[in-house]
Amino acid sequence: MAGAGLAASPDGESLAVLDADLDTGEATMRLFDLVSGKQVASDDGMDTSDIEDSVDHLLESEVEILGISDDEVAARVVNGDYAYDLATGAGRPLDDEPAPGEAGDPLVSPDGRARIRQRDALRDVVVVEQGDEVVPRAGTARWTLVRWVDDDTVLGVAIDGPGRGQEIGPGDTLTLMTCALPSGDCREVPGTTGERVVLPLGTRPTTVIGLEPAGGSA
Numbered sequence: 165m166a167g168a169g170l171a172a173s174p175d176g177e178s179l180a181v182l183d184a185d186l187d188t189g190e191a192t193m194r195l196f197d198l199v200s201g202k203q204v205a206s207d208d209g210m211d212t213s214d215i216e217d218s219v220d221h222l223l224e225s226e227v228e229i230l231g232i233s234d235d236e237v238a239a240r241v242v243n244g245d246y247a248y249d250l251a252t253g254a255g256r257p258l259d260d261e262p263a264p265g266e267a268g269d270p271l272v273s274p275d276g277r278a279r280i281r282q283r284d285a286l287r288d289v290v291v292v293e294q295g296d297e298v299v300p301r302a303g304t305a306r307w308t309l310v311r312w313v314d315d316d317t318v319l320g321v322a323i324d325g326p327g328r329g330q331e332i333g334p335g336d337t338l339t340l341m342t343c344a345l346p347s348g349d350c351r352e353v354p355g356t357t358g359e360r361v362v363l364p365l366g367t368r369p370t371t372v373i374g375l376e377p378a379g380g381s382a
């Protein structure tokens with residue numbers, strides 16, 4: 165399956181996969197009940213019969229999962245924004261209504277009391293409610309903070325190597341880490357160095373973090 169979208173429901177009982185085939189221009193929403201093992205697939209909102217170049221249309225549509233609740237998953241698909249019932253797969257157009265479970269600002273903590281402040285020199289901090297800054301103890305000279313795991317934990321990337329400033333080169337290594345608040349203590353996630361990490365839906369549009377050694381940034 166192409167990695168066009170992946171999301172787990174908040175209760176952990178359902179998994180949604182938006183499977184987009186860039187060779188044929190077709191897409192399918194696949195829904196998995198992780199408790200019963202039941203699987204359903206939906207083609208609602210995926211009609212390409214009136215589209216001359218379905219591959220090009222699929223690329224331009226930027227299909228992606230927008231949000232998920234315990235009952236529905238929302239996605240931008242071939243025919244627009246749709247919501248799908250996790251149990252039946254039935255899809256319906258989203259007509260100017262909020263997407264079910266749509267993620268908020270990934271830089272703001274779930275309880276709204278703290279915010280990630282991203283800096284140019286790859287030394288991000290967390291600003292807490294009183295305005296104080298918490299500096300992560302990453303154990304490396306550079307790091308970046310990506311999103312919140314919960315009210316007291318942020319997810320980030322520790323950057324080790326000869327690079328300076330914003331530049332990340334082939335001599336640098338990138339490792340996923342979590343940092344606790346208010347202490348700022350960080351722990352690297354074993355087995356993530358140099359890998360490509362796909363996260364459960366929680367932010368848009370970034371659900372994939374590339375830690376591969378290359379010339380680009382994380």
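Quick note: the sequence shown uses the numbering used here, first residue 165, plus one each step. The C-beta atom is built at its ideal place from N, Cα and C for all residues, glycine as well.
Membership of SER225 in any beta strand (DSSP E) is not indicated; the residue belongs instead to the alpha helix (DSSP H) covering 218-225. Within the model, the alpha-carbon separation for SER233 versus ALA251 is close to 12 Å. Counting along the chain, LEU375 sits inside no beta strand (DSSP E), nor does DSSP assign it H or E at all.
For ILE280, the enclosing beta strand (DSSP E) starts and ends at 278-281.
Closest option to ASN243, judged by alpha-carbon separation, among ASP249, ASP259, GLU376, GLU236: ASP259.
By the 16-neighbour rule on beta-carbons within 10 angstroms, ASP349 is exposed. Relative to the Cα of ALA180, the nearest Cα in the group LEU186, THR192, THR188, LEU271 belongs to THR192.
A Cβ-Cβ separation of about 16 Å leaves THR212 out of contact with GLU226 under the 8 Å criterion. Inter-residue distance for THR337 and GLU297 is about 26 Å (C-alpha atoms, whole angstroms). For THR342, the pairing in a beta bridge is given by DSSP as LEU319, ARG351.
Counting only the Cα atoms, MET341 lies some 16 Å from PRO270. Contact between ALA238 and PRO264 is confirmed by a C-beta separation of about 5 Å, below the 8 Å threshold.
Per DSSP, THR356 is not a residue of any beta strand (DSSP E), being assigned neither H nor E.
Under DSSP, VAL291 forms a beta bridge with ARG279, GLU297. LEU286 is classed as buried because its beta carbon has at least 16 other beta carbons within 10 Å across all chains shown.
Counting C-beta atoms within 10 angstroms of its own C-beta, ARG311 has 16 or more neighbours from the protein chains shown and is therefore classed as buried.
In the same chain as GLY327, and ignoring 5 residues on each side of it, the C-beta atoms closer than 8 Å to its own belong to ARG306, GLY333, GLY335, ASP336, in chain order. For ASP260, the three-state secondary structure derived from DSSP is coil. Your pair PRO346 and ASP314 does not check out as a contact, with CB atoms roughly 14 Å apart and the cut at 8 Å.
Taking each of TYR248, VAL241, ILE323 in turn and checking the Cα distance to ALA184, the smallest one comes out for VAL241. About 16 Å separates the beta carbon of THR317 from that of THR339, a gap too long to meet the 8 Å contact definition. With contacts defined as CB atoms closer than 8 Å, ILE229 and LEU182 qualify as a contacting pair. For GLN203, the three-state secondary structure derived from DSSP is strand.
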